[in-house]
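Its first residue numbered 10, the sequence shown is counted upward by one per residue in this note's numbering.
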Amino acid sequence: MKLSVLIAALRLRHLAGAALLSTSLAAYALPAGLAQGPSVEGVTQYTLDNGLRLVLAPDDSKPTTTVNMTYLVGSRHENYGQTGMAHLLEHMLFRGTPTLRNALGEFSKRGLEANGTTSSDRTNYFASFAADPETLKWYLDWQADVMVNALIDKQDLEAEMPVVRNEMESGENSPFRVLMQKLTAAAYQWHSYGKTTIGARSDVENVDIEQLRKFYHDYYQPDNAVLFITGQFDTDQTLENIAKAFGSIPKPTRTLRPEYTVEPVQDGTRTVTLRRHGGTPLIMSLYHLPSAASPEYMDLSLGISALGDTPSGQLYKNLVNQNLATSVFSFDSESHDPGYALFGAELKPDMDQQKALKVMNDTLEGLAKSPLKETDLERIRSQWMTGWTQTYANPSSLASALSEAAASGDWRLFFLQRDRVEAAKLPNVQKALETWLVASNRSNGLYIPTEKPLRAPQATTVDVAKLVQDYTGKDSGKAVEAFDPSPANIMARTDLQPLSLGKDLGEVKMALLPKGTRAERVEARLSFKFGSPDQLKNQTATAAAVASLLSTGTKKLNREQISDQFTAMQTQFSTSGSNGRLYLSLSSNRENLPKAIALALDVLREANFPEDELKKYQQAVVTDLKSASTEPAALASQAIERYTNPWPKDDIRYTPSFEEGIERVQAVNIKQVRDFHQKFYGTGDVAFSAVGDFDKEEVRKALAEGLKGWRKAPTYQRPDDPLQTVAPKVFDINTPDKANAFYLADLGLKLQDSDADFPAVYLANYLLGLSETSRLWNRVRVEDGLSYNVRSQVEASSYEPNGSWKVYAIHAPSNSEKLGKTIDEVLTQTLKDGFSEQEVKEGVNALLNYRRLSRSQDTVVSSAWLNYLDLGRSFEWSEKMDQELQKLNAEQVNAALRKYLKPKEMVVAIAADHERQKQGAAAPEAQETKQGQAPAPAPTDAPAALEAQP
């Protein structure tokens with residue numbers, strides 16, 4: 010996983026937020042055994058007699074429902090010898106009950122986007138699905154069943170163990186994760202926050218089944234659980250279903266083990282050094298903090314974000330701008346008990362780590378001399394509030410945020426923290442940072458003797474119940490329309506009238522879909538196409554640099570000012586593109602979208618490309634490429650891409666090696682960047698889409714004004730990309746010191762997405778390896794436990810008959826040979842037996858549900874419209890695809906499967922540590938396997954794979 014993505018995920022708990030708007034709950038007689046509790050801004054708590062708390066947040070604006078069952082148990086509650094037990098139990102619950110053995114498979118059949126996660130403070134099980142009362146009732150019944158009837162069977166434990174091992178080893182592939190693990194272990198000498206959620210290998214591999222069952226029976230009880238339901242559902246009927254499903258579960262009589270371990274105040278700097286192969290240099294500094302419920306926590310959290318902000322924070326200015334690091338980051342743990350803040354930076358191999366670490370620590374602990382400014386606080390406050398409103402506006406995100414707040418002490422902390430952010434004052438933020446960011450409270454890569462250490466105060470856990478007992482929050486906002494995401498309604502609601510620019514500047518293809526949304530949010534996309542393959546020869550690296558550097562400065566604004574203006578507009582702005590295409594993305598709100606469009610177009614037209622920003626860009630890209638050059642997934646993918654790529658080096662379709670990529674980036678100069686922008690950027694082939702709450706005429710006016718009088722770009726000519734037929738080949742790639750390996754098989758297909766066979770191939774792939782009921786999943790993951798994530802993926806061009814069928818799996822190097830043989834067996838047997846009518850029927854139903862869920866996401870619809878405008882299509886294409894899927898039978902699907910899937914013609918790449926592979930061959934019983942997110946080239950789960958075909 011890319012470092013920036015991993016850091017963003019770690020930040021998510023307190024930077025996310027979104028706004029909930031619900032209808033008022035009609036007064037009616039609650040079901041027996043159910044009592045209503047506190048209600049805050051449309052979110053209402055109920056409690057059953059057995060202690061189960063229900064938190065309902067109805068929201069009709071999107072036709073989806075999310076259920077999140079949160080058990081207030083995580084790795085924090087594990088004793089010595091029990092580390093990893095909470096996480097292992099999460100896996101085991103999906104193994105089933107006496108009445109339902111394969112939960113993940115059942116979720117997949119019904120089109121549920123479902124999973125479970127474990128943290129230090131909680132374990133949750135969640136599902137999002139297209140709103141449907143019967144699906145909701147079924148999932149609630151499953152939650153009630155698994156709360157008391159999970160088998161926790163020894164045979165299932167043995168089958169799941171290699172999967173858990175694989176997840177553990179996949180995390181060990183990341184230097185960032187391992188360093189963070191070692192750092193927290195050094196910082197916490199007694200409290201369980203020093204232990205990773207995944208646990209110690211010895212504890213996990215030797216877990217006692219009876220202890221695991223006792224852990225389950227102690228903590229998986231109604232009085233230790235909070236059930237969250239958000240989105241579209243009938244409140245009265247749902248309460249009745251919950252009372253019926255959970256009300257018969259008796260109130261527990263056991264008493265949970267008390268928690269009394271308190272981490273002492275740290276009395277000196279602690280140091281950890283990690284040495285491993287691959288990756289890029291990292292430095293980190295960790296400081297203990299109060300818990301998430303503490304009155305000073307949000308002051309600290311805002312200050313921590315301000316210090317690590319890019320490009321405005323002091324760390325960025327003192328490290329990246331001074332060529333001491335390529336990137337910086339900061340986040341805090343937001344935990345139930347006193348937690349921590351983590352600051353860090355990524356460096357190039359030739360940068361001085363010791364010097365960079367000293368500058369970072371001096372910056373963090375020198376705030377009395379270089380305090381934060383009011384603009385720093387307001388910038389971060391605006392970013393935080395934007396994230397909060399986005400979470401509050403998204404039912405799925407809201408359920409997750411409320412779950413995390415409950416894990417920190419009470420779900421109402423989600424609203425209380427917002428209040429604290431709004432009320433935050435700079436002197437308080439400054440004082441909190443100076444109190445806690447002291448050398449004696451720090452753990453990092455240096456030992457710093459201190460004659461008279463300044464120590465942080467003792468952190469305490471807040472009485473959250475007392476804190477929130479009289480809290481009522483704010484008034485709810487207005488109700489939002491219930492939007493029908495059917496293709497027909499999307500077509501009916503979308504304005505496709507183009508915008509003429511006049512004076513030979515062409516027009517802008519438009520797709521405007523105004524509709525009510527929570528917090529008046531809107532998703533907009535803008536694309537520009539330019540140039541021919543001949544004109545763009547030898548300019549791939551330059552084109553990518555121009556697209557990435559657009560927002561680093563204009564004639565009137567520098568990078569920081571541009572960033573601040575978008576932040577003030579509560580708008581997220583990004584650019585991407587290369588090789589004749591440029592994409593602009595805007596996530597804004599009704600009030601600010603026209604101004605955001607105006608600023609984005611000004612940035613696009615007036616970019617001046619500061620030379621120092623090009624140097625920083627080159628350093629960052631080179632760092633990423635060097636890091637990727639040691640990663641199994643990246644190496645396997647590149648090997649196949651280069652083997653199947655016939656184009657010369659100067660062609661924009663050429664796939665460079667990592668070394669060539671580095672050379673190309675380093676060779677780009679500022680004159681090339683500015684000349685490229687001047688020559689190729691302009692009007693001519695422009696498209697715009699917007700979905701959400703906005704005024705069409707204001708948007709048209711903003712686009713017209715922003716593009717008025719600009720030059721016309723060279724005519725766009727799409728490069729042909731015909732199918733390349735290659736001989737089968739196996740690439741055996743050594744990845745020293747990597748605990749996880751990657752298997753990738755690729756087959757070229759003479760297939761276009763407009764071909765009559767495409768719907769059948771699309772469904773065949775889903776049944777083969779894209780779902781949790783697929784042939785590959787059931788054999789490789791469930792039965793043999795060889796991989797945490799095994800998938801297949803079909804792609805087909807919209808322009809010419811050129812597609813691919815891929816199969817991939819992460820695995821332990823010791824299992825490489827067995828994994829390859831097992832995948833071959835699955836493919837061969839599937840071709841022989843085919844799929845049954847029942848499988849086809851269930852697959853069609855699941856795909857249609859996933860597609861409907863995808864169309865309910867404004868980001869997906871906006872991007873899909875941009876794609877359709879490029880292809881001359883509309884959502885009638887999506888509707889036709891749905892219709893073609895519904896017509897399919899087993900005979901058609903099996904015929905397509907056998908026509909296109911040719912396992913013996915596949916190109917295969919296996920990237921693994923050869924030494925570990927040899928060890929596995931010598932001891933074949935040493936199985937392992939698993940990791941949470943699938944690497945490139947395929948998406949992690951089925952819904953993500955379907956977004957390209959909404």
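Every residue, glycine too, gets a C-beta built ideally from N, C-alpha and C.
Hey, quick one: how far does the beta strand (DSSP E) through residue i stretch, first residue to last?
i    : result
T75  : T73 to Y80
E516 : E516 to P523
G715 : It is not in any beta strand (DSSP E) - G715 instead sits in the alpha helix (DSSP H) that spans K705 to L716.
R590 : R590 to N598
Pull up the distance between the alpha-carbon of residue i and that of residue j, whole angstroms please.
i    : j    : result
D659 : K546 : 5 Å
P619 : T561 : 7 Å
A194 : L435 : 32 Å
L411 : Q901 : 46 Å
I661 : L878 : 23 Å
Q506 : S871 : 16 Å
S780 : R614 : 45 Å
S763 : S807 : 7 Å
A699 : A607 : 15 Å
A153 : N787 : 25 Å
S339 : G312 : 10 Å
E914 : K815 : 12 Å
R451 : V708 : 50 Å
L955 : K518 : For L955, the predicted structure reports a pLDDT of 34, less than 50, and the residue's modelled location is therefore unreliable. The matter cannot be settled from this model.
K688 : R720 : 9 Å
N215 : E669 : 47 Å
S336 : F116 : 40 Å
D730 : N811 : 7 Å
L897 : W886 : 17 Å
P166 : E413 : It is worth fixing the name first, because residue 166 is Leu in this sequence and not Pro. Going from the Cα of L166 to the Cα of E413 covers about 28 Å.
By the three-class DSSP mapping on this structure, what secondary structure does residue i have?
i    : result
M94  : helix
Y456 : Interpretation of Y456 is limited by its pLDDT of 35, a score under 50 that renders its predicted location unreliable; no figure is taken from the coordinates.
P47  : strand
P184 : helix
P67  : strand
S417 : helix
G929 : helix
W814 : strand
V281 : coil
S585 : strand
Q761 : strand
T782 : coil
F667 : helix
I258 : coil
K357 : coil
M156 : helix
If I measure Cβ to Cβ from residue i and keep anything under 6 Å in the same chain, skipping five residues before and after, which residues do I get?
i    : result
A501 : none
T395 : Q579
D633 : none
D243 : none
L716 : L510 and T692
V917 : V739 and A754
Just reading off the alpha helix (DSSP H) that residue i is part of, what are its end residues?
i    : result
G317 : Y306 to G317
Who are the near neighbours of residue i in its chain, counting only those whose CB is closer than 7 Å to its CB and skipping five residues on each side?
i    : result
E848 : L776
T938 : Residue confidence is low: T938 scores 33 on pLDDT, short of 50, so the model does not pin down where it sits. Its coordinate-derived value is still stated next. These residues qualify, in order along the chain: P171, V172, R174, N175, G794, L795, S796, Y797, H820, A821 and N824.
Taking 8 Å as the threshold (beta carbon to beta carbon), is residue i in contact with chain C?
i    : result
K475 : Among the protein chains of the structure shown there is no chain C, as only one such chain exists.
- Message: Measuring CB atoms only, is the segment 831-849 touching the segment 896-916, in the sense that at least three cross pairs come out at less than 8 Å?
- Response: yes
- Message: With a threshold of 8 Å, are at least 3 pairs of Cβ atoms found where one atom belongs to the segment 107-116 and the other to the segment 382-396?
- Response: no
- Do the segment 303-321 and the segment 243-254 make contact, defined as three or more Cβ pairs closer than 8 Å? no
- Query: Should the segment 860-876 be regarded as contacting the segment 518-531, the criterion being three or more beta carbon pairs within less than 8 Å?
  - Reply: yes
- Message: With a threshold of 8 Å, are at least 3 pairs of Cβ atoms found where one atom belongs to the segment 415-426 and the other to the segment 472-479?
- Response: yes
- Message: Check whether the segment 425-439 and the segment 79-95 are in contact - that is, three or more C-beta pairs closer than 8 Å.
- Response: no
- Message: Between the segment 641-655 and the segment 295-310, can you find at least three pairs of beta-carbon atoms closer than 8 Å?
- Response: no
- Does the segment 36-45 come within contact of the segment 196-211, defined as at least 3 CB pairs closer than 8 Å? no
- Message: Taking 8 Å as the cut-off, does the segment 70-82 touch the segment 120-134 (at least 3 CB pairs, one atom from each stretch)?
- Response: yes
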